[in-house]
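Structure first, commentary second.
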Amino acid sequence: MKISTKGRYALRMLLEIASRDDGGFISLKEISDKQEISKKYLEQIVPLLTRDGILRTNRGNKGGYSLAKDTKDITVGDVLRATEGSLAPVACLECEPNDCPRAENCATLYVWEGLYASIRDYLDGITLADILKQNKGSAGGDYCI
Numbered sequence: 528m529k530i531s532t533k534g535r536y537a538l539r540m541l542l543e544i545a546s547r548d549d550g551g552f553i554s555l556k557e558i559s560d561k562q563e564i565s566k567k568y569l570e571q572i573v574p575l576l577t578r579d580g581i582l583r584t585n586r587g588n589k590g591g592y593s594l595a596k597d598t599k600d601i602t603v604g605d606v607l608r609a610t611e612g613s614l615a616p617v618a619c620l621e622c623e624p625n626d627c628p629r630a631e632n633c634a635t636l637y638v639w640e641g642l643y644a645s646i647r648d649y650l651d652g653i654t655l656a657d658i659l660k661q662n663k664g665s666a667g668g669d670y671c672i
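If you read the sequence shown in this note's numbering, its first letter stands for residue 528, the second for the next number, and so on.
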């Protein structure tokens, strides 16, 4: 499993927003400048995070972006599912229940189910608050993920 640039940049973007002390809105230009990510690329990520209720937008003079939930309620798994889609290691685990015609006789299904459970448990067990806490005291908001 390989996480794309979109997933990694989305996480960095959200951490940049979360690290603001005032909790206000931040412009994409400011995020782009601080994280050294193309503004155009961030514009592609915003609708995915907004659609999943992770990010909220505000237009106007003091507009920009802010988190739609508290940092303790946004997991890395949430962000990656919003940007990457399913985290299932094999296609047959993307549907619940598993509709694969070979599921009952698949000798390796338990391997993939175990891997998927580990991935979900790990990524859903880490919140933005956890990452911010872990990085507290490190230099600024330059998150390398």
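Using N, Cα and C, we set each Cβ at its ideal position, and we do this for glycine too. Just so it is clear, the structure is predicted and the values come from calculations on it, not from any experiment.
Can we say the segment 551 to 561 touches the segment 599 to 612, given the rule of at least three CB pairs closer than 8 angstroms?
-> no
Tell whether a beta-carbon distance below 8 angstroms holds between Ile693 and Leu569.
-> Residue 693 is absent from the model: the chain starts at 528 and stops at 672.
Classification of Gly536 by the beta-carbon crowding that lies within 10 angstroms, buried from 16 upward | Taking the first residue of the sequence shown as 1, we reach residue 536 at position 9. Note that residue 536 corresponds to Tyr in the displayed sequence, not to Gly. Per the 10 Å Cβ criterion, buried.
Determine the direct distance from the alpha carbon of Asp657 to that of Cys622, and round the result to whole angstroms.
-> To locate residue 622, count along the sequence shown from 1; it is residue 95. To locate residue 657, count along the sequence shown from 1; it is residue 130. Cα to Cα, the separation comes out at about 30 angstroms.
Have a look at Leu650, Met528 and Leu541 and flag the residue whose alpha-carbon is nearest the alpha-carbon of Val603.
-> Mapped onto the sequence shown, residue 603 falls at position 76. If we check each option's Cα against that of Val603, Leu650 comes out closest.
Cβ-Cβ distance between Met528 and Ile572 below 8 angstroms | As a working mapping, residue 528 is identified with position 1 in the sequence shown. As a working mapping, residue 572 is identified with position 45 in the sequence shown. No, Cβ-Cβ distance for Met528 and Ile572 is not below 8 angstroms.
Expected contact under 8 angstroms - CB spacing of Ile544 and Leu594 to nearest Å = Here the question's residue 544 lines up with position 17 in the sequence shown. Here the question's residue 594 lines up with position 67 in the sequence shown. So it is a contact: roughly 6 angstroms between Cβ atoms.
CB of Leu636 within 8 angstroms of CB of Pro616, strictly | By 1-based counting over the sequence shown, the position of residue 636 is 109. By 1-based counting over the sequence shown, the position of residue 616 is 89. For Leu636 and Pro616, no; Cβs fall outside 8 angstroms.
As assigned by DSSP and simplified to three states, the class of Ser593 | As a working mapping, residue 593 is identified with position 66 in the sequence shown. Residue state, collapsed to three classes: strand.
Let me know if Thr610 comes out buried or exposed under the rule of 16 or more other beta-carbons within 10 Å of its beta-carbon.
-> Translated into the one-based positions of the sequence shown, residue 610 becomes position 83. So Thr610 ends up on the buried side.
Neighbourhood of Lys556 by C-beta, 8 angstroms cutoff - its chain only, sequence neighbours within 5 removed = Taking the sequence shown and counting its residues from 1, the one referred to as residue 556 is at position 29. Same-chain partners within the cutoff: Lys566.
Could you check if Ile653 is buried or exposed, using at least 16 other CB atoms within 10 Å of its CB as the buried criterion?
-> Start at 1 with the first residue of the sequence shown, and residue 653 comes out as number 126. By the 10 Å Cβ count, Ile653 comes out exposed.
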